[in-house]
Ligand code: SF4
Ligand code: SF4
């Protein structure tokens, strides 16, 4: 057996290293290491509760609004309030713009450039794919960056600036919109839709969202002449990305985009082998047996404290190991679409597995499902109605906030003692996905997804490893905060 | 000029902000300015061993490069045997990022701190500073940091601090272009090493809430239209940056977004000594004075302007939308 260290991984958000135990040309065991610790949970202790809105977005530059939104929900929960309708719509709009921009960054900047790797140079599709997706010079990359910059102008109107806004508050938004600003936002969304329909899908969003299974997808694909989705599907078949990198974990979604009255655009739940069970927050715990922190077996987030210990024996990551009723979970767009019962994703997973292909396809599908919701939310805003309400906190209280970030389930657990933050715990999507082993030696989702991949005992690490790792769209800065 | 970009103890938000550059395709703009990205963690193809070999070649001097950009604070902790180990952040097989940065900084022609973390320690140094975070050449307001107060680059410049949490994409792009073209001199930097083209302005300049400020008509709750200085913690009159002149993401800024300026371009902004969204006052008067304003005058003017506040301004200040429009005057009777 040979141990290989793969890293630093670039084109992921933050720092990542993977240790692979290779035996007979295949990965026998994998260990995921998050090599950066910053200590936000420690920093937050003793601060005024509302100051969390300044600190938590700065955990992560790529999902800063998701962090804000989770903190705002935890504070609203602690105050026992819910924002007015406009405030709820503004939070959905702001979060959706960030999530979609992240999906775009992931596909064009982080994931696809690996197919321009030298090892594929002989493939029939290589010339076309590398011309579009080669890092820093591909045509698709350049166009996607321009579309992203234009789309992010929505943040100027919705959130003042991005990243790191203070617009998302427990009581709503600090940024009431006027009729003329809503008009401009519609224009921005319209241009983004045009980019997706021309470049990514070469089809209308409604056509893509309406594909209700593999048969429909195949039928559509036969007549498709252009578009990056078509190229991706071709690669997924040629390289069998469908069965590659399956984690076999449960799929967790905490419910995305609050539609009011307890409803979500994408429902919450836990998907396991074709059935969906309700998500029970009290079942969440974190284990630090193999993480560089004082402590060991699983604890409820509200009862945890974060005390770093670099040289803890047996520990190999700054990432903690979250578990749901003791089980490992995978979270992200694929989990959201599976839990929500989206027909194409459900059918694909049932027939071809929940691997790299399904993860990426679920993300692309969210463009087609979320952009129309953006348009609907903009229409529903009422410039004359209230946008923000007060959220006074008691001296001692507890709050929990859940949000679906681009990469999946994000939870914040807040304890207020004597008017100050007594405890603050965060479980980010990649903490679930890139979890280290727990007290029972149970590996995390990526650690399982890497097992069995063909890797030589020496020489270049094959591109499949990169495909599997990046298919999760890891965000390491969130993972360890 | 060849540019290497490293991400140290930060959130990656500076890069993400930069990618929102809106005056043309970023990579083309850089190429036009004569800048070649030899390695950037979010943009480069090279990963793993290939990336490490590349960076090692530059760090050892086997290959030469020009600009080192560092994003994120330098984490000196945990301390082992009374020495800073840097082990809170390792990069490439257990080597502290701190070591990579020090080695590369000695080889670079220019060293640029991207964002307030790399410049001063920033948000990573907040609270009890659990990782012992510092900037490249500043530890908060104090000169020093990990490179020491006497560090100068090949042309005699200190570390160039493109501060901000995050910095505006233009600040980064224009600073790099000026460096590449030899147009950034020591005179172009202020006393905290910040390029003066953006740091010689105050956030207050061009704020749409200026009329409310004039009459000390303050918003009382988030979302209201009044000035945020009186009650909600705005530091725009003291923060060096052109955020309301050069707008963010099209037409935004913190103030346009309805929330206070927390002076994110200044050292130690992360520990203001009071809750961020409230204005500390003594006897009803905000203690943070506007830059260059004598206290007695400020107090006198504030009292006077408060008594002269037009009803329109007063009423709109605490409303989420315009309640009273400016009156229309006709010049012809
Ligand atoms: S809100 Fe801040 S920046 Fe705007 S006018 Fe008031 S003090 Fe100046
Ligand atoms: S307005 Fe103030 S807090 Fe906002 S980006 Fe500018 S300097 Fe930073």
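Residue numbers (my numbering), protein chains in the order written: chain A, 1 to 481; chain B, 482 to 814.
C-beta atoms are modelled at their ideal positions from N, C-alpha and C, and glycine is treated no differently.
Which listed residue (the options) has its alpha carbon closest to that of residue i
| i | options | result |
| --- | --- | --- |
| residue 257 (chain A) | A:146, A:66, A:183 and A:234 | A:66 |
| residue 420 (chain A) | A:287, A:300 and A:47 | A:47 |
| residue 782 (chain B) | B:766, B:674 and B:506 | B:766 |
| residue 296 (chain A) | A:59, A:441 and A:101 | A:441 |
| residue 817 (chain B) | B:576, B:596 and B:710 | In the structure displayed, chain B extends from 482 to 814; residue 817 (chain B) sits before or after that span and is not available. |
| residue 483 (chain A) | A:173, A:89 and A:56 | Lying before the first or after the last residue shown, residue 483 (chain A) is absent from chain A, which here runs from 1 to 481. |
| residue 607 (chain B) | B:515, B:754 and B:799 | B:754 |
| residue 469 (chain A) | A:444, A:456, A:276 and A:481 | A:444 |
| residue 184 (chain A) | A:26, A:209 and A:154 | A:154 |
| residue 147 (chain A) | B:646, B:506, B:542 and B:780 | B:506 |
| residue 27 (chain A) | A:235, A:404, A:461 and A:86 | A:461 |
| residue 498 (chain B) | B:531, B:614 and B:728 | B:728 |
| residue 482 (chain A) | A:124, A:7, A:116 and A:122 | Any question about residue 482 (chain A) goes unanswered here, given that chain A covers just 1 to 481. |
| residue 190 (chain A) | A:151, A:450, A:202 and A:175 | A:151 |
| residue 627 (chain B) | B:684, B:554, B:691 and B:529 | B:554 |
| residue 21 (chain A) | A:4, A:15 and A:33 | A:4 |
| residue 141 (chain A) | B:500, B:519 and B:665 | B:500 |
| residue 280 (chain A) | A:252, A:370 and A:199 | A:252 |
Per-residue contacts from residue i into chain A (C-beta, under 8 angstroms)
| i | result |
| --- | --- |
| residue 646 (chain B) | 58 and 164 |
| residue 665 (chain B) | Under the 8 angstroms cutoff, chain A gives no residues; its nearest Cβ is about 25 angstroms from residue 665 (chain B). |
| residue 801 (chain B) | 176, 386, 387 and 388 |
| residue 702 (chain B) | 388 and 390 |
| residue 506 (chain B) | 142, 145 and 146 |
| residue 559 (chain B) | 308 and 310 |
Within chain A, the residues that residue i reaches when beta carbons sit closer than 7 angstroms
| i | result |
| --- | --- |
| residue 568 (chain B) | 310 |
| residue 746 (chain B) | The contacting residues do not exist; residue 746 (chain B) stays about 13 angstroms from chain A at best. |
| residue 604 (chain B) | 55 and 58 |
| residue 571 (chain B) | 35 |
| residue 497 (chain B) | 61, 62 and 163 |
Identified DSSP bridge partners for residue i
| i | result |
| --- | --- |
| residue 417 (chain A) | A:420 |
| residue 258 (chain A) | A:264 |
| residue 30 (chain A) | A:20 |
| residue 3 (chain A) | A:21 |
| residue 620 (chain B) | B:623 |
| residue 400 (chain A) | A:413 |
| residue 729 (chain B) | B:733 |
| residue 36 (chain A) | B:570 |
| residue 454 (chain A) | A:26 |
| residue 475 (chain A) | A:13 |
| residue 763 (chain B) | B:766 |
| residue 270 (chain A) | A:252 and A:277 |
| residue 425 (chain A) | A:413 |
Partners in chain A for residue i, counting only beta-carbon separations shorter than 9 angstroms
| i | result |
| --- | --- |
| residue 729 (chain B) | 155, 156, 160, 161 and 162 |
| residue 767 (chain B) | Those within 9 angstroms of residue 767 (chain B) in chain A number zero; the least Cβ separation is about 18 angstroms. |
| residue 503 (chain B) | 149, 150, 152 and 153 |
| residue 500 (chain B) | 105, 109, 145, 148, 149 and 152 |
Within chain B, partners of residue i - CB distance below 8 angstroms
| i | result |
| --- | --- |
| residue 13 (chain A) | 493 and 523 |
| residue 64 (chain A) | 492 and 494 |
is_contact[residue i, chain C] using C-beta, thresh 8 angstroms
| i | result |
| --- | --- |
| residue 565 (chain B) | Considering every chain present, this structure includes no chain C. Its protein chains are A and B. |
Partners in chain B for residue i, counting only beta-carbon separations shorter than 7 angstroms
| i | result |
| --- | --- |
| residue 38 (chain A) | 490, 605 and 612 |
| residue 43 (chain A) | 607, 608 and 611 |
| residue 477 (chain A) | 492 and 493 |
Any C-beta of chain A within less than 9 angstroms: which residues of the region 510-528 of chain B qualify? Of all residues in the region 510-528 of chain B, only 518, 520, 521, 522, 523, 524, 525, 526, 527 and 528 come within less than 9 angstroms of chain A when Cβ atoms are compared, listed by chain position.
Residues from the region 20-36 of chain A in contact with chain B, defined by Cβ distance under 7 angstroms: Listed by position along the chain: 35 and 36.
If the cut-off is 7 angstroms on Cβ atoms, which residues from the region 732-762 of chain B count as contacting chain A, listed in chain order? Across the region 732-762 of chain B, CB contacts with chain A closer than 7 angstroms involve 732, 733, 734, 735, 737, 738, 739, 740, 743, 756, 757 and 758, in sequence order along the chain.
Counting only runs that start and end within the region 661-693 of chain B, where is the alpha helix (DSSP H) found for 4 or more residues in a row? Within the region 661-693 of chain B, the runs of alpha helix (DSSP H) that reach at least 4 residues and sit entirely inside it are, in chain order, 677-680.
Cβ-based contacts, 8 angstroms cut-off: residues of the region 533-546 of chain B near chain A: Answer set for the region 533-546 of chain B: 533.
To be precise: take each residue of the region 383-404 of chain A, compare its Cβ to all Cβ atoms of chain B, and keep it if any distance is under 8 angstroms. Which residues remain? Flagged, chain order: 383, 384, 386, 387, 388 and 390.
Ranges of the beta strand (DSSP E) found wholly within the region 487-549 of chain B, counting only runs of at least 3: Along the region 487-549 of chain B, the beta strand (DSSP E) occurs as fully enclosed runs of 3 or more residues at 517-520, listed in sequence order.
Could you pull out every unbroken beta strand (DSSP E) segment of at least 3 residues lying fully inside the region 277-342 of chain A, listed in chain order? For the region 277-342 of chain A, whole beta strand (DSSP E) runs of length 3 or above, ordered along the chain, are 284-287, 321-324 and 329-331.
Would you list, in chain order, the members of the region 100-111 of chain A that have their beta-carbon closer than 8 angstroms to a beta-carbon of chain B? Taking 8 angstroms as the Cβ-Cβ cut-off, the region 100-111 of chain A approaches chain B at 105, 109 and 110, given in chain order.
Select from the region 608-634 of chain B all residues with a C-beta closer than 9 angstroms to any C-beta belonging to chain A, and list them in chain order. Of all residues in the region 608-634 of chain B, 608, 609, 610, 611, 612 and 614 have a Cβ within less than 9 angstroms of some Cβ in chain A.
Contacting positions in the region 670-697 of chain B - beta carbon closer than 8 angstroms to chain A: Of all residues in the region 670-697 of chain B, none has a Cβ within less than 8 angstroms of some Cβ in chain A.
At which residue ranges does the region 79-114 of chain A contain complete alpha helix (DSSP H) runs of 4 or more residues, listed in the order of the chain? For secondary structure counted as the alpha helix (DSSP H) over 4 or more consecutive residues, the region 79-114 of chain A holds these complete runs in sequence order: 85-105.
Can you check the region 547-610 of chain B for any beta strand (DSSP E) of at least 3 residues that lies completely inside it and give the ranges in chain order? Taking 3 residues as the shortest admissible run, the region 547-610 of chain B contains the following complete beta strand (DSSP E) segments, listed from N- to C-terminal end: 548-552 and 591-595.
Residues from the region 572-599 of chain B in contact with chain A, defined by Cβ distance under 7 angstroms: The residues in question are 572, 573 and 574.
What are the uninterrupted segments assigned as beta strand (DSSP E) that are 3 or more residues long and contained completely in the region 186-220 of chain A, given in chain order? Segments of the beta strand (DSSP E) lying fully in the region 186-220 of chain A: there are none.
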